[in-house]
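Residue 78 in numbering that gives the first Met the number 0 sits at position 79 of the sequence shown; the count goes up by one each step and never skips. This report refers to the structure that appears directly beneath it.
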Amino acid sequence: MGLPFTNDQFFGIFADYNDTFIVAAVAFWLASVLTLAYVYKDPADRSRTLSFFLGALWLWTALAYHALLFTRINPAAWVFAALFVVQAWLFFRAGARRRVEYFSPVRATQAVGVGLVAYALAYPFLTIALGHSYPATPTFGVPCPTAILTVGVLATARGRVPPALAIVPILWGFIGGSAAVLLAVATDYVLLGAGIMLTLLLIAQRVRVNTQVSRP
């Protein structure tokens, strides 16, 4: 079964997004850089600040991209919007409870996570460099760079990554990552890889917990 929209319609949604929200997209990109710089200098507030920021980013993407625009060409976008709202709520809750410590120096996947964060910030420029003309190109505050940024941050978490925070990013890693193949968005191959990596990370931590429980 094919997609319910054409390539032109798909990239036309990005053109509409950029025509309408480019100021917000730039603001979210700058806010990402400033937030990451802030938490690097103030480790004590990393959990709350990053969780709240990621919650705001997922909520923005749910409403501005999925609900307002993508639903025009894909009825499933209502489901995507709901999933993104749930993910936003989970981050807001994690921030309020200070449940996750990000950018832990002892995390084995720290370097991979930092690399994904950097890639997410470079994403809008890479899509243009790879041949997608502005404004019909994904920029920032849209699903795929949001998911890549999130997986990168989660990969740096100290101790156990809460599965609840990882499920929707993993799902979008496979759903959005399919755009790399079906819609010729080369930058989304990394999203697909990020989803696989986070899945393996959850499996590894589950195996580790089961091994510890089974020890006499």
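Cβ atoms here follow ideal geometry from the backbone N, Cα and C, with glycine treated the same way.
Below 8 Å, too few C-beta pairs join the stretch 157 to 177 and the stretch 113 to 122 to call them touching: fewer than three. Sixteen is the threshold: when 16 or more other Cβ atoms of the shown chains lie within 10 Å of the Cβ of residue 146, as they do, the residue is buried. Rounded to whole angstroms, the gap between the alpha carbons of residue 121 and residue 148 is 10 Å. Shown here for residue 156: same chain residues with a beta carbon closer than 7 Å to its own, the five before and five after excluded, namely 99, 100, 101, 103, 106 in chain order. Rounded to whole angstroms, residue 137 and residue 13 show a C-alpha spacing of 6 Å.
When the alpha-carbon of residue 5 is set against those of 82, 96, 73, the nearest one is in 73. Here residue 6 carries a helix assignment [DSSP, helix/strand/coil].
Residues of the same chain with a CB within less than 7 Å of the CB of residue 160, apart from the 5 flanking positions on each side, are 153, 200, 201, 204 in chain order. Sequence-distant Cβ neighbours of residue 31 in its own chain, meaning closer than 6 Å and more than five residues away, do not exist here. Note on geometry: alpha-carbon atoms of residue 134 and residue 16 lie some 8 Å from one another.
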